[in-house]
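Once you know that position 1 of the sequence shown is 8 in our numbering, the rest is easy, because the numbers rise by one and skip nothing.
Yeah, the Cβ is synthetic: ideal placement off N, Cα and C, and Gly gets one too.
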Amino acid sequence: MKTTTRLKIIRGCTTVFFASIIFICGFFPELNIQIAAAVLSGCILGGIQGAGSAGIFIIVQFILSGFSLEQIGNFTAIFASTFISGLIAGSPSIIEEKFSPKTFFRILFGCLIGFVIYYFFESLFHKNLNWIYFLSADIFKCIGIIIFSIAIRPKLATFLFPSKETEKEIEELINKLK
């Protein structure tokens, strides 16, 4: 198996893993953690993969339950917040340090804007302000997302986007095994 094929499989499995986390969090509506899982996916994976995980979640939800107007608003909010938070946070890279101010602020603004976009779309579709009740809990969720994202992104980057030297080492090991 070529290294690029293996990396595509790893990236795809990671995207599906985060989509399943978003899906599972939907079983606990009283905790309101589905949006936190979506923003976490965007902050950790980046724009395209984070949006891919939200897209996979939306497709599975559509197959299982269909769409209502309320769900369309929720799914639009989840997809937009995941995509925008991922674009702002950026994709993880192997040169990313464990903690740097640049990474911290990118993840912070990505997380905050992801929640703001979610609540904006929720307000448009539902025309009510029920989200205000969840605001205090979402502040703690946001802090947890930031800490977890900063901790996991450098480790995840080594699996998703290895350096050229690492790719060459992997290819050499695979060739030796053949």
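Residues near valine 67 in its chain [Cβ-Cβ closer than 8 Å; skip 5 each side]: Ala26, Phe30
Through-space distance from aspartate 145 to phenylalanine 111, alpha-carbon basis: 18 Å
Local conformation of leucine 38 per DSSP, three classes: coil
Coil, strand or helix - isoleucine 101 by DSSP: coil
Any 3 or more C-beta pairs closer than 8 Å across the segment 83-99 and the segment 35-52: Output reads yes: the segment 35-52 touches the segment 83-99.
Exposed unless 16 or more other CB atoms sit within 10 angstroms - verdict on tyrosine 125: buried
Neighbourhood of glycine 97 by C-beta, 7 Å cutoff - its chain only, sequence neighbours within 5 removed: Correct list, in chain order: Gly53, Arg113.
Among Leu131, Ile17, Phe106, Phe34, the one whose alpha carbon lies nearest that of glycine 80: Leu131
Span of the alpha helix (DSSP H) around glycine 59: Element bounds for glycine 59: 54-72.
Residues near asparagine 39 in its chain [Cβ-Cβ closer than 6 Å; skip 5 each side]: Phe141
Closest Cα partner of glycine 93 within the set Gly57, Gly33, Leu71: Gly57
Proline 169 beta carbon less than 8 Å from that of glutamate 103: no
Exposure of phenylalanine 128, with buried meaning 16 or more beta-carbon neighbours within 10 Å: With at least 16 other beta carbons inside 10 angstroms of its own, phenylalanine 128 counts as buried.
Cysteine 32 beta carbon less than 8 Å from that of alanine 41: Sequence inspection shows glutamine at residue 41; the alanine mentioned does not correspond to that position. For glutamine 41 and cysteine 32, yes; Cβs fall inside 8 Å.
Between the CA atoms of leucine 119 and phenylalanine 155 - distance to the nearest angstrom: 15 Å
Rounded separation between cysteine 149 and glycine 62 - CA only: If I take the Cα positions, the gap works out to 22 Å.
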